[in-house]
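For the record, the sequence lines run as chains A and B. So that you can map any letter, position 134 of the first sequence is 134 in the working numbering, and since no number is skipped, the others follow by simple counting. So that you can map any letter, position 52 of the second sequence is 52 in the working numbering, and since no number is skipped, the others follow by simple counting. Here is the structure we will look at.
2 protein chains.
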Amino acid sequence: MTQLQRRRIPDAAVARLPVYLQILNNLANTNVLRFSSDELAALAGVNAAKVRKDLSYLGSYGTRGVGYEVTYLMYQIKRELGLMREWNVVVVGAGNLGCALAKFGGFAARGFPVVGIVDIDPKKIGQITGLLAIADARELGNIVRDQKVKIGAITTSSAGAQSAADALIDVGITSILNFAPVVLSTPSSVSVRNVDLGVELQILSYYEQMRAESGDSSQNSQKLSHVNA
Amino acid sequence: MTQLQRRRIPDAAVARLPVYLQILNNLANTNVLRFSSDELAALAGVNAAKVRKDLSYLGSYGTRGVGYEVTYLMYQIKRELGLMREWNVVVVGAGNLGCALAKFGGFAARGFPVVGIVDIDPKKIGQITGLLAIADARELGNIVRDQKVKIGAITTSSAGAQSAADALIDVGITSILNFAPVVLSTPSSVSVRNVDLGVELQILSYYEQMRAESGDSSQNSQKLSHVNA
DNA sequence: ATGGCTTAGTGCAGAAATTCACAAAGTTGG
DNA sequence: CCAACTTTGTGAATTTCTGCACTAAGCCAT
Numbered sequence: 001m002t003q004l005q006r007r008r009i010p011d012a013a014v015a016r017l018p019v020y021l022q023i024l025n026n027l028a029n030t031n032v033l034r035f036s037s038d039e040l041a042a043l044a045g046v047n048a049a050k051v052r053k054d055l056s057y058l059g060s061y062g063t064r065g066v067g068y069e070v071t072y073l074m075y076q077i078k079r080e081l082g083l084m085r086e087w088n089v090v091v092v093g094a095g096n097l098g099c100a101l102a103k104f105g106g107f108a109a110r111g112f113p114v115v116g117i118v119d120i121d122p123k124k125i126g127q128i129t130g131l132l133a134i135a136d137a138r139e140l141g142n143i144v145r146d147q148k149v150k151i152g153a154i155t156t157s158s159a160g161a162q163s164a165a166d167a168l169i170d171v172g173i174t175s176i177l178n179f180a181p182v183v184l185s186t187p188s189s190v191s192v193r194n195v196d197l198g199v200e201l202q203i204l205s206y207y208e209q210m211r212a213e214s215g216d217s218s219q220n221s222q223k224l225s226h227v228n229a
Numbered sequence: 001m002t003q004l005q006r007r008r009i010p011d012a013a014v015a016r017l018p019v020y021l022q023i024l025n026n027l028a029n030t031n032v033l034r035f036s037s038d039e040l041a042a043l044a045g046v047n048a049a050k051v052r053k054d055l056s057y058l059g060s061y062g063t064r065g066v067g068y069e070v071t072y073l074m075y076q077i078k079r080e081l082g083l084m085r086e087w088n089v090v091v092v093g094a095g096n097l098g099c100a101l102a103k104f105g106g107f108a109a110r111g112f113p114v115v116g117i118v119d120i121d122p123k124k125i126g127q128i129t130g131l132l133a134i135a136d137a138r139e140l141g142n143i144v145r146d147q148k149v150k151i152g153a154i155t156t157s158s159a160g161a162q163s164a165a166d167a168l169i170d171v172g173i174t175s176i177l178n179f180a181p182v183v184l185s186t187p188s189s190v191s192v193r194n195v196d197l198g199v200e201l202q203i204l205s206y207y208e209q210m211r212a213e214s215g216d217s218s219q220n221s222q223k224l225s226h227v228n229a
């Protein structure tokens, strides 16, 4: 028993792998067979050494002097990201966004089918959205158990988000995609990703203001790039 | 002329300021007057020293032994983030998401009114969505000039995203919020923030798989927390 | 006043992430 | 089979971020 446990990939690299995967997908659709770290770096807008290091966390799957094979690398990235299987998703909160997610087939296509949507509002329960009927939030436990759901999306109002999170965690959810503009309080064993457009816009606002301030008065304009993950 | 140029706030801190602001907003609504770095840290789910360091980039606005004043700090964060003014936003791509952004009043309320939405599809042009009529994409320049728009949101298909970005940059946009699942190629003088649910789900998938692998076989379960920005 | 208590602000050390730069390893052409 | 060339994989340097631990400073009770 030499330790076989998979090497842990740095968070920053994990966040880039899906982007590489997307690009490789496009390459595959254009019938490109191989690529070099330089090419992928250009397409992803990052440094080539970073690409090589990121890919090296998966193993040694390139060929020196040649590059990487598109389909093989895609396979390896998918394997590492856990995309060899589907992950069922349950949506909590049947407002505009929640229903849009339930209707939108794009997630299923990417391997994340929405298998349930719940709400606490009796007026909404029973309505059909896409292929699903909106269920009573009290059904959450059954849905999660029956469909082996691990990922929950919170699309409630801000006010309801924390109780939605509590309910999800209570029935065994360990990954949360949170669209409500609040910071959720969760045990450290749960992964949370926040999607908040207000936050994104405010970040843009900061850099925009910097630009305005350096550009307005005189000659001290200054390079000011900024791209997020 | 000693250099007066504003100290540059680290990117990581800039990304947290909007979160603090949101929390302070809630505190203000609950009539809380003051808070300590410890309290804010608990609410934001971060380390207290980090909170103090982040706030110190704004200036020295706390009182030792006491804490920070809610409204005063909100003012300072807003000032630093460039939120003392409104930033008009133009949306490119009048699909489901684009129209939802145009209708949704939430952005205007947060200081980012959508003042225009354009598309290239003649069938869509002229239709009303919320308060706005969908304009011809060729009107982009006029809209941006007339309304002094600095921020553009791309809600086109993947295929159309790069040309949308080119068009936005061409008419002088310097900040882009990109919802299309592609990596945009832009000059370094432009800020880009990507919002891609597929990427978020795949990141969750990775940590979910890690959890499954450490939990399944034996006793080497391991703490595995993970929370994003 | 004074001493004890609280909390901001910050220097510094350690961790994480990025980038450089080069050796290792493969290909190709003669 | 060798020399020239390409590109990976990675050690090491650098930069950025984090978090501890301590100092500075204000409040309050006596």
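Just so it is clear, CB atoms sit at the ideal spot from N, CA and C, and this is done for glycine as well. These numbers come from a predicted model, not from an experiment.
Residue range of the alpha helix (DSSP H) that residue i falls in?
| i | result |
| --- | --- |
| B/Arg64 | Counting along the chain, B/Arg64 falls outside any alpha helix (DSSP H), and DSSP gives it neither H nor E. |
| B/Ser56 | Ala48 to Ser56 |
| A/Leu40 | Ser37 to Ala44 |
| B/Pro18 | Asp11 to Asn29 |
| B/Ser158 | Ser158 to Asp170 |
For chain A, check one thing: does any of its Cβ atoms lie closer than 8 Å to the Cβ of residue i?
| i | result |
| --- | --- |
| B/Ile151 | yes |
| B/Asp38 | no |
| B/Arg110 | yes |
| B/Ile117 | no |
| B/Tyr207 | yes |
| B/His192 | Residue identity differs from the one stated: residue 192 of chain B is Val in this sequence, not His. Cβ-Cβ to chain A under 8 Å: yes for B/Val192. |
| B/Leu177 | yes |
| B/Gly198 | yes |
| B/Ala100 | yes |
| B/Ala48 | no |
| B/Gly105 | no |
| B/Ala165 | no |
| B/Leu55 | no |
Given that a residue counts as buried once 16 or more other Cβ atoms are within 10 Å of its Cβ, and exposed if not, what is residue i?
| i | result |
| --- | --- |
| A/Gly65 | exposed |
| B/Val115 | buried |
| A/Asn142 | exposed |
| B/Thr63 | exposed |
| A/Val32 | exposed |
| A/Ser185 | exposed |
| B/Arg8 | exposed |
| B/Asn88 | buried |
| A/Pro181 | buried |
| B/Ser56 | exposed |
| A/Ala212 | exposed |
| A/Asn29 | exposed |
| A/Arg16 | buried |
| A/Ser217 | Because A/Ser217 sits at a pLDDT of 48, beneath the cut-off of 50, its placement in the model cannot be relied upon, and the point is left open. |
| A/Ile23 | buried |
| B/Asn194 | buried |
| A/Thr174 | buried |
| A/Asn25 | exposed |
| B/Ser158 | exposed |
For residue i, list the residues DSSP reports as bridge partners.
| i | result |
| --- | --- |
| B/Arg152 | Sequence check: residue 152 of chain B is Gly here, not Arg. According to DSSP, which records beta bridges pairwise, B/Gly152 is partnered with B/Val90 and B/Ile176. |
| B/Val227 | A/Val192 |
| B/Arg34 | B/Glu69 |
For a cutoff of 8 Å on Cβ pairs, would you count residue i as touching chain B?
| i | result |
| --- | --- |
| A/Gln202 | yes |
| A/Thr174 | yes |
| A/Pro18 | yes |
| A/Pro181 | yes |
| A/Gln22 | yes |
| A/Asn31 | no |
| A/Gly93 | no |
| A/Val237 | Any answer about residue 237 of chain A is impossible in this case: the structure gives chain A only from 1 up to 229. |
| A/Arg64 | no |
| A/Arg52 | no |
Which stretch, first to last residue, makes up the beta strand (DSSP E) that contains residue i?
| i | result |
| --- | --- |
| B/Asn194 | Ser191 to Asn194 |
Continuous alpha helix (DSSP H) assignments of at least 4 residues falling wholly in the region 76 to 150 of chain B: 96 to 103, 106 to 109 and 140 to 146
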